[in-house]
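2 protein chains.
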Amino acid sequence: MPESRIGSIASAPRTSSASYEGRIRPERFTGMTELRLAKPLSLTQFGVNQVRHEPGAWSSLRHWHAVEDEFIYVLEGNLTLVDDNGAHELGPGMFASFPGGEHNGHHVQNRSDQLGVFLSVGSRRPGEETIYYPDEDFGPIHK
Amino acid sequence: MPESRIGSIASAPRTSSASYEGRIRPERFTGMTELRLAKPLSLTQFGVNQVRHEPGAWSSLRHWHAVEDEFIYVLEGNLTLVDDNGAHELGPGMFASFPGGEHNGHHVQNRSDQLGVFLSVGSRRPGEETIYYPDEDFGPIHK
Chain C
1 MPESRIGSIA SAPRTSSASY EGRIRPERFT GMTELRLAKP LSLTQFGVNQ
51 VRHEPGAWSS LRHWHAVEDE FIYVLEGNLT LVDDNGAHEL GPGMFASFPG
101 GEHNGHHVQN RSDQLGVFLS VGSRRPGEET IYYPDEDFGP IHK
Chain B
1 MPESRIGSIA SAPRTSSASY EGRIRPERFT GMTELRLAKP LSLTQFGVNQ
51 VRHEPGAWSS LRHWHAVEDE FIYVLEGNLT LVDDNGAHEL GPGMFASFPG
101 GEHNGHHVQN RSDQLGVFLS VGSRRPGEET IYYPDEDFGP IHK
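Pasting the structure below:
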């Protein structure tokens, strides 16, 4: 019989994928913690991370995905989604989507003075995916 | 320029997919509300619902997916995951996964006396998917 696959935030492993392992603009990612929820429980078709932001931290570089859908849901605090259209304030129970292939560079910043927490879901299509970084001086990254 | 795709729970549309449009065991789904978050914001690769349970309500019939991955994350209250291994209590910040193809019939019940709320994420693979219902007297449903 398959085991039950249950986890909790208290024991979720950290990842550093969105902060580029500290190699790029490391000062922006101080105070940002990503916890990986779905991959350790054997899911392969999409990933789920909980992203925790101290004031001032960014979630990632501003980016868009060639093929993978992405979705975020705010759990706690007030966060700012920055995209090609400007800045959008998001509070608990607000969410945003980023369809694969849509050229709208986006990321999340915490411009408040309190902790901000969101869930991030992204489909996983390794071998098909390219990520574009409109604000950076390097080219797209293929996954 | 693509529009920003932002939503909030207060304005998310209801769906009744998991309650079978009231056709099957309707008494179990009184008090269960599903809000659809991702599809109205143009995502196609996975769905995200917020599921709200009054005491006594079920999330769905006990089921498992032939190919689609599924993930749940508890936002509020205390809920009971029931699967082939028995009953598992889940509180806020706890989560569970159900890999596609794993024969473990599962659903969520609210056995508490308070509202329970969770997010449900499922990959969308129409044309490939079959759902099995081990407790019911009808056969699998192809999607």
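As they're listed, the protein sequences go chains C and B. Mapping of the first sequence onto the UniProt record's numbering: residues 1 to 143, in sequence order. Mapping of the second sequence onto the UniProt record's numbering: residues 1 to 143, in sequence order. All residues carry an ideal CB built from backbone N, CA and C; glycine is no exception.
Problem set entry | Contact under 8 Å by Cβ, isoleucine 9(C) with glutamine 45(C) | As a position in the first sequence, residue 9(C) is number 9, starting the count at 1. As a position in the first sequence, residue 45(C) is number 45, starting the count at 1. Cβ distance not < 8 Å, so isoleucine 9(C) and glutamine 45(C) don't count as in contact.
For this session: List in chain order: all unbroken beta strand (DSSP E) runs of 3+ residues lying wholly within the segment 60-97 of chain C.
Result: 70-76, 79-83 and 86-90
For this session: Can you grab the Cα-Cα spacing for the pair histidine 107(C) / glycine 139(B), in whole Å?
Result: Taking the first sequence and counting its residues from 1, one reaches residue 107(C) at position 107. Taking the second sequence and counting its residues from 1, one reaches residue 139(B) at position 139. Whole-angstrom Cα-Cα distance: 45 Å.
Problem set entry | Contact set between proline 99(B) and chain C, taken where Cβ atoms lie within less than 7 Å | Reading the second sequence from its first residue, position 99 is the one you call residue 99(B). The contacting residues are Ser42 and Leu43.
Exercise. In whole angstroms, what is the alpha-carbon distance linking serine 59(B) and leucine 37(C)?
Worked result: The residue labelled residue 59(B) in the question sits at position 59 within the second sequence. The residue labelled residue 37(C) in the question sits at position 37 within the first sequence. Whole-angstrom Cα-Cα distance: 21 Å.
Exercise. Applying the criterion that 16 or more other CB atoms from any shown protein chain within 10 Å of the CB defines a buried residue, is glutamine 109(C) buried or exposed?
Worked result: Within the first sequence, numbered from 1, the residue matching residue 109(C) stands at position 109. So glutamine 109(C) counts as buried.
For this session: Using the DSSP secondary-structure output, state which residues sit across from leucine 35(C) in a beta bridge.
Result: In the first sequence, residue 35(C) corresponds to position 35, counting from 1. Beta-bridge pairing links leucine 35(C) to Arg14(C) and Gln50(C).
Problem set entry | Cα-Cα separation between proline 55(B) and leucine 79(B), rounded to whole angstroms | Counting from one through the second sequence, the residue named residue 55(B) turns up at place 55. Counting from one through the second sequence, the residue named residue 79(B) turns up at place 79. Computed Cα separation, rounded: 9 Å.
For this session: Using a cut-off of 8 Å between C-beta atoms, extract the partners of arginine 5(B) located in chain C.
Result: In the second sequence, counting from the first residue as 1, residue 5(B) sits at position 5. Chain C residues near arginine 5(B): Ala96, Ser97, Phe98 and Pro99.
For this session: Show which residues of chain C have a CB atom less than 8 Å away from the CB atom of glycine 93(B).
Result: Indexing the second sequence from 1 puts residue 93(B) at position 93. What glycine 93(B) touches in chain C: Ser8, Ile9 and Ala10.
For this session: Assign glycine 56(B) to one of three DSSP states: helix, strand, or coil.
Result: The sequence position of residue 56(B) within the second sequence is 56, counting from 1. Glycine 56(B) falls in the coil class under three-state DSSP.
For this session: Give me the Cα-Cα distance between tyrosine 73(C) and leucine 75(B), rounded to the nearest whole angstrom.
Result: For this step, residue 73(C) is matched to residue 73 along the first sequence. For this step, residue 75(B) is matched to residue 75 along the second sequence. Taking the straight line joining both Cα atoms gives about 11 Å.
Exercise. Do valine 67(C) and arginine 124(C) have their CB atoms nearer than 8 Å?
Worked result: Position 67 of the first sequence holds residue 67(C). Position 124 of the first sequence holds residue 124(C). No; because the gap between Cβ atoms is not below 8 Å, this pair is not in contact.
For this session: Please go through the same chain and pick out, in chain order, the residues whose beta-carbon is closer than 8 Å to the beta-carbon of tryptophan 64(C), but skip the five residues on each side of it.
Result: Counting from 1 along the first sequence, the entry for residue 64(C) is found at position 64. Correct list, in chain order: Phe98, Glu102, His103, Asn104, Gly105, His106, Ile131, Tyr132 and Pro134.
Exercise. Along chain B, in chain order, which residues have C-beta atoms closer than 8 Å to that of asparagine 110(C)?
Worked result: Here residue 110(C) corresponds to residue number 110 of the first sequence, with the count starting at 1. Here the premise fails: no neighbours, minimum Cβ distance about 17 Å.
Problem set entry | Paired residues, beta bridge with glutamine 109(C) - DSSP | Locating residue 109(C) in the first sequence gives position 109, where the first residue counts as 1. According to DSSP, glutamine 109(C) bridges with Trp58(C) and Thr80(C).
Exercise. Are there 16 or more other CB atoms within 10 angstroms of the CB of arginine 62(B), so buried, or fewer, so exposed?
Worked result: Within the second sequence, numbered from 1, the residue matching residue 62(B) stands at position 62. Buried, because 16 or more other Cβ atoms sit within 10 Å of the Cβ of arginine 62(B).
For this session: Classify arginine 5(B) as helix, strand or coil using the three-state DSSP reduction.
Result: Counting from one through the second sequence, the residue named residue 5(B) turns up at place 5. In this structure, arginine 5(B) counts as strand in the three-state DSSP scheme.
Problem set entry | CB-CB length for serine 16(B) against glutamate 34(B), believed under 8 Å | The sequence position of residue 16(B) within the second sequence is 16, counting from 1. The sequence position of residue 34(B) within the second sequence is 34, counting from 1. Serine 16(B) to glutamate 34(B), Cβ: 7 Å. Contact.
Exercise. Does DSSP put glycine 122(C) in a helix, in a strand, or in coil?
Worked result: Taking the first residue of the first sequence as 1, we reach residue 122(C) at position 122. Strand at glycine 122(C).
Exercise. Of the choices Gly116(B), Asn85(B), Asp69(B) and Gly100(B), whose alpha-carbon is the least far from that of methionine 94(B)?
Worked result: Within the second sequence, the letter at position 94 stands for residue 94(B). The candidate whose alpha carbon is nearest that of methionine 94(B) is Gly116(B).
For this session: Going by CA-CA distance only, name the one from Gly100(B), Ala57(B), Glu70(B) and His142(B) that's closest to arginine 25(B).
Result: Residue mapping note: residue 25(B) aligns to position 25 of the second sequence, counting from 1. When only C-alpha atoms are compared, the closest one is Ala57(B).
Problem set entry | threonine 130(C) - containing beta strand (DSSP E), residue span | Here the question's residue 130(C) lines up with position 130 in the first sequence. Note, threonine 130(C): beta strand (DSSP E), 130-132.
Exercise. Which residue comes first and which comes last in the alpha helix (DSSP H) that contains glutamate 102(C)?
Worked result: Looking up residue 102(C) in the first sequence gives position 102. That residue, glutamate 102(C), is in no alpha helix (DSSP H); it is neither H nor E in DSSP.
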